[in-house]
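*Asks:*
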Amino acid sequence: MKHRLFWSVVTACNLYGAALSAQQLSRKPYLPDHAAVMERYRKVQLLDSLTRRKVFRHNVEAGWLPGGEQFWYTVGNSKDTTKTYYLVQAATGRKKEIKDTAAQNRLIAAGTPSSQVAQRGPSRWQDFETDSVSPDKQWIARIINGNVYIQSTRDSALTRLTTNGADTARAARYEALAWSPDSKYVVGYLTRPVTDSAAYYVLTDVAGTTRGQLRSHPYKQPGDPFPAYQMYIFSIADKKVVRTDAEALDFFGPPVLHWRHKAPRYFLYEKVDRGHQRFRVIEVDALTGATRTVLDEQAPTFIYESHLYTHYLPETNEMLWTSEIDGWRHIYLVNTLTGAVKNQVTRGEWVVRGIDSVDTAKREVWFRAGGMEPGEDPYFIHYYRIGFDGQHLLKLTPAAGNHQVSFSPDRKYYIDKYSQVNVPPVNELRRTADAKLITIAERADVSAWRSTGVPFPVPFHAKGRDGQTDIWGIMCRPSDYDSTRRYPIIENIYAGPHDAFVPKSFMSYYTDMQRLADLGFVVVQIDGMGTANRSKAFHDVCWKNLSDAGFPDRIRWIKALAEKYPFADTTRVGLYGTSAGGQNALGGLLFHPEFYKAAVASCGCHDNRVDKQWWNEQWMGYPVGKHYEEQSNVTNAGKLKGDLLLMVGEADTNVPPESTYRVVNALIKSNKTFEFLPIPGMGHSDGGPYGRTKRNDFFVRHLLKATPPDRNNNE
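In structure tokens, the structure reads:
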């Protein structure tokens, strides 16, 4: 795997062990006395008020006026809480301040916010319809008592088409009806229903009661059954019922149907096999029920279903399709009659991050991508336009940074907002035709923030476990750090494979990390191998291997960080996380205790057999194998070394609370020492304000070897 450098870093030391370099040894560990700790807590309490309203002119949310040649926006003022209104001529970038309140109100009433212009990608799954009117308005297809009927809109005559559907939710019944565009056929599904098992929790403190209350909700876990949908076709002319020869759909629901433009006797639908290793586009002959596979993608690891994009072009019998078949997520143009790839639209060692829109007339794709720009963080999102033939690539966002684009309603202009975690935002007005810069609408004013002395995060990258791939992250350090001391390191960890998580934009969500840093820590966040938005090989590390959590990369990264910044102490490393991050935080102590010494795990999905089906089967596979048990934090609880705080909300409906309680029980049976905080009434959370306070106190005690405030005595 080859990834581009942002700046050079010192090669990391050995993967395991916590040996200190000469630079680090020359610095004394930071071990504050009680008075210093109390002063740090006092300052952290003031941090929010100190930094509130300290960044101005950082955002342009354009309200476009009719005609698309003018827009208005507002910015906050640094001296008071008022807003300044501007009216902008899009073609020239000229702007004038609108001071009259009535004029401001007229702009608000007339303007269309550019945030409402964004287009949503097409859905692959169809919503159920029990009454469906034909396109020619002559018929209504209905499901009555589990069977399919056709009703004429002329005389309301009702014709029953099926008899094998049952009038009960527990037996096979017909569901989901969809018409052909010429009103000649209706497609329906004989469905074998499934009742999901329940997950339970107890509310222990309900106001006005003296008893705990049991709650439950349907919750599908890995391996649980899905409904099965057998496709049938109903011919209106002769009332004929045809069962297609397609296998039943037993994963997800009925799909969207894509009918041929010039021959509506045929349609396409998509099928993702359970286990996420096969994706097919299948053609159906509505006259005979015969099917054939047009496109068949199979993977030895996984296909990331929710990132799979398709766009059908029925007029030309084509489709746009994203795939990682060449090792990177790219766009392909496919002939839907033959299934042949006509050409690869995008290619290279970079990742298509999303499709914004498709211009069928101009045969262009508008998309977002990361990693195409040399010398930049590969997670930075840029916007592009390209022809279906892979030619005439146009970069819409030339500046270095992470971009967010909003288009005018006619897409003739756009606002490009870009920033980095340590580089304030710039808002540019550009012309869509050629990406020409018209004007810089706003540059963020951060002078008030800088005057507080609170630093911005520091981006950093180092080589991963293979010695070649760049691993990216950020560091937050104390506002008043002393470069002659060594500070404990705490990793904010979340290794869920569904995304990447290190902030890339200015003022994203790292303020909680800074609060913890100001208690006397170096706080980091890292995207190790197994997370998304890089190469397929980078992502595949997670496959049936969630316990890996990118730890070999994270450990090398932290050691490389300490080589560059010797005030980071690799002998005192902790980590904390929530949900999958809670699973990872405990996993650090179970699987890498030679490096991680303390962990706070909140609402962790500690056993992937207990957690939700859709997330865990995507990465751990189906059927549920022995690897689920072998990687469970419950199974491995007896390996615990170091200091541990577990937290869980008793009303968690995302990850069942028993996931944490099973760990607690396993730790008790292994005679392990740990701390446990169950929080009454709380859902899926990091513990809320009280839990975050307990987390901070925990690290102060165990990594700084100091005593937190005694709040019972108002300290």
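Heads up: the sequence shown runs through residues 6 to 720, numbered per this note's numbering. For each residue, glycine too, the CB sits at the ideal point set by N, CA and C. These figures come from a predicted structure and were not determined experimentally.
1) Cutting at 8 Å between CB atoms, please list the residues of its own chain near PRO508, excluding the five before and the five after it.
2) Could you check if THR298 is buried or exposed, using at least 16 other CB atoms within 10 Å of its CB as the buried criterion?
3) For the beta strand (DSSP E) that contains MET324, what are its first and last residues?
4) List the endpoints of the continuous alpha helix (DSSP H) containing LEU262.
5) Locate the beta strand (DSSP E) running through THR200, then write down its first and last residues.
6) Here's the rule: buried if 16 or more other CB atoms are within 10 angstroms of the residue's CB, otherwise exposed. What is HIS466?
7) If you draw a straight line from the C-alpha of VAL14 to the C-alpha of ASN638, how long is it?
8) I'd like to check one pair, ARG490 with GLN226: are the Cβ atoms closer than 8 Å?
9) Where does ASN718 fall in DSSP's three states?
10) Residues in its own chain within less than 6 Å of ALA123 by CB, not counting five upstream and five downstream?
11) Looking at LEU112: is its Cβ nearer than 8 Å to the Cβ of TRP69?
12) Could you give the residue range of the beta strand (DSSP E) that holds TYR271?
13) Run the CB neighbour count on HIS8, radius 10 Å, all protein chains shown included, and call it buried at 16 or more, exposed below.
14) Counting Cβ pairs, one atom from each stretch, are 3 or more of them under 8 Å apart for the stretch 634-648 and the stretch 288-295?
15) Should ALA114 be labelled buried (16 or more other beta-carbon atoms within 10 Å of its own) or exposed?
16) Just how far apart, CA to CA, sit THR97 and LEU442?
17) What first and last residue would you give for the beta strand (DSSP E) that runs through THR214?
18) Suppose contacts are defined by Cβ-Cβ distances below 8 Å. Is ALA233 in contact with LEU219 by that definition?
19) What number of angstroms, rounded off, separates the C-alpha of LYS417 from the C-alpha of VAL339?
20) Could you tell me the distance, in whole angstroms, from the CA atom of ALA404 to the CA atom of GLY380?
21) Are the beta-carbon atoms of GLN131 and ALA183 separated by less than 8 Å?
22) Using only CA atoms, which one of GLY217, ALA567, ASP504, VAL459 lies nearest to TYR492?
23) Under the DSSP definition of a beta bridge, which residues are partnered with ILE287?
24) DSSP state of PRO713, grouped into three classes?
25) Does the distance from the CB of VAL80 to the CB of THR89 come in under 8 Å?
26) With a floor of 3 residues, list each beta strand (DSSP E) that falls wholly inside the stretch 128-168, ordered by position along the chain.
27) Tell whether a beta-carbon distance below 8 Å holds between LEU591 and GLY579.
28) Determine which residues share a DSSP beta bridge with GLU369 and list them.
29) Just checking my contact of GLY501 with ALA585 at CB under 8 Å: how many whole Å lie between their CB atoms?
30) Under three-state DSSP, which class holds PRO493?
31) So, for VAL705: in the same chain, excluding its five sequence neighbours on each side, which residues have a beta-carbon less than 7 Å away from its beta-carbon?
32) Under the DSSP definition of a beta bridge, which residues are partnered with HIS5?
33) Determine the contact status of GLY533 and ASP504, defining contact as a CB-CB distance below 8 Å.
34) Identify every residue that forms a DSSP beta bridge with SER411.
35) Give me whichever residues DSSP pairs with GLY555 in a beta bridge.
36) Go ahead and pull the three-state DSSP assignment for HIS632.
*Replies:* Taking the definition as stated:
1) Start at 1 with the first residue of the sequence shown, and residue 508 comes out as number 503. Closer than 8 Å at Cβ, skipping near neighbours: VAL426, PRO462, ILE479, TYR514, TYR515, GLN530.
2) Against the sequence shown, residue 298 aligns to sequence position 293. So THR298 ends up on the exposed side.
3) Here the question's residue 324 lines up with position 319 in the sequence shown. It spans 323-328 - the beta strand (DSSP E) in which MET324 sits, taken as one unbroken run.
4) Numbered from its first residue, the sequence shown carries residue 262 at position 257. Looking at the DSSP string, LEU262 is not in any alpha helix (DSSP H), and its letter there is neither H nor E.
5) Translated into the one-based positions of the sequence shown, residue 200 becomes position 195. Run containing THR200: none; DSSP gives neither H nor E here.
6) Taking the sequence shown and counting its residues from 1, one reaches residue 466 at position 461. Buried, because 16 or more other Cβ atoms sit within 10 Å of the Cβ of HIS466.
7) Here residue 14 is taken as the residue at index 9 of the sequence shown, counted from 1. Here residue 638 is taken as the residue at index 633 of the sequence shown, counted from 1. Because the pLDDT of VAL14 is 31, which lies under 50, any placement of that residue in the model is unreliable, and the question is left without a value.
8) Indexing the sequence shown from 1 puts residue 226 at position 221. Indexing the sequence shown from 1 puts residue 490 at position 485. Not in contact: GLN226 and ARG490 (Cβ atoms no closer than 8 Å).
9) Looking up residue 718 in the sequence shown gives position 713. Helix at ASN718.
10) Counted from its first residue, the sequence shown places residue 123 at position 118. The predicted position of ALA123 is uncertain, since its pLDDT is 47 and thus under 50; no value can be drawn from it.
11) Numbered from its first residue, the sequence shown carries residue 112 at position 107. Numbered from its first residue, the sequence shown carries residue 69 at position 64. Not closer than 8 Å, so no.
12) To locate residue 271, count along the sequence shown from 1; it is residue 266. Taken as a continuous stretch (DSSP letters only), the beta strand (DSSP E) holding TYR271 covers 271-277.
13) The sequence position of residue 8 within the sequence shown is 3, counting from 1. In this prediction, HIS8 scores a pLDDT of 37, lower than 50, which makes its location untrustworthy; no coordinate-derived value is stated.
14) no
15) The residue you call residue 114 lines up with position 109 of the sequence shown. ALA114 is exposed by the Cβ-count criterion.
16) As a working note, residue 97 is residue 92 in the sequence shown. As a working note, residue 442 is residue 437 in the sequence shown. Using only the alpha carbons, I get a separation of about 10 Å.
17) Within the sequence shown, residue 214 is the residue found at index 209, counting from 1. Careful: THR214 lies outside any beta strand (DSSP E) and carries neither H nor E.
18) Start at 1 with the first residue of the sequence shown, and residue 233 comes out as number 228. Start at 1 with the first residue of the sequence shown, and residue 219 comes out as number 214. It is not a contact, given that the beta carbons lie outside the stated cut-off.
19) Within the sequence shown, residue 417 is the residue found at index 412, counting from 1. Within the sequence shown, residue 339 is the residue found at index 334, counting from 1. LYS417 and VAL339: Cα-Cα distance of roughly 29 Å.
20) What you label residue 404 is simply residue 399 of the sequence shown in a count that begins at 1. What you label residue 380 is simply residue 375 of the sequence shown in a count that begins at 1. Roughly 12 Å between the two C-alpha positions.
21) Counting from one through the sequence shown, the residue named residue 131 turns up at place 126. Counting from one through the sequence shown, the residue named residue 183 turns up at place 178. Yes, they are a contact pair.
22) As a position in the sequence shown, residue 492 is number 487, starting the count at 1. Closest by alpha carbon: ALA567.
23) Here residue 287 is taken as the residue at index 282 of the sequence shown, counted from 1. Per DSSP, TYR274, THR298.
24) Residue 713 sits at position 708 when you count from the first residue of the sequence shown. In the structure shown, PRO713 sits in coil (DSSP, three-state: anything other than H, G, I, E or B).
25) Here residue 80 refers to the residue found at position 75 when the sequence shown is read from its first residue. Here residue 89 refers to the residue found at position 84 when the sequence shown is read from its first residue. For VAL80 and THR89, yes; Cβs fall inside 8 Å.
26) 136-138, 144-149, 152-157, 163-165
27) Stepping through the sequence shown from its first residue, residue 591 is reached at position 586. Stepping through the sequence shown from its first residue, residue 579 is reached at position 574. It is not a contact, given that the beta carbons lie outside the stated cut-off.
28) Along the sequence shown, read from residue 1 onward, the residue named residue 369 stands at position 364. DSSP, once it has assigned bridges, lists ASP364, GLY392 as partnering GLU369.
29) In the sequence shown, residue 501 corresponds to position 496, counting from 1. In the sequence shown, residue 585 corresponds to position 580, counting from 1. Sure, about 4 Å apart at Cβ, within 8 Å.
30) Taking the first residue of the sequence shown as position 1, residue 493 is located at position 488. If DSSP states are grouped into helix, strand and coil, PRO493 belongs with the strands.
31) To locate residue 705, count along the sequence shown from 1; it is residue 700. Closer than 7 Å at Cβ, skipping near neighbours: VAL42, LEU524, ALA711, PRO713.
32) Given a span of 6 to 720 for the chain in the structure shown, any question on residue 5 remains unanswerable.
33) To locate residue 533, count along the sequence shown from 1; it is residue 528. To locate residue 504, count along the sequence shown from 1; it is residue 499. In this structure, ASP504 does not lie closer than 8 Å to GLY533 by Cβ.
34) As a first step, residue 411 is located in the sequence shown; it is residue number 406 there, counting from the start. According to DSSP, SER411 bridges with ILE420.
35) On the sequence shown, residue 555 is found 550 positions in, with the first residue counted as 1. DSSP, once it has assigned bridges, lists no residue as partnering GLY555.
36) Position 627 of the sequence shown, counting from 1, holds the residue named residue 632. DSSP places HIS632 in helix when its eight states are reduced to three.
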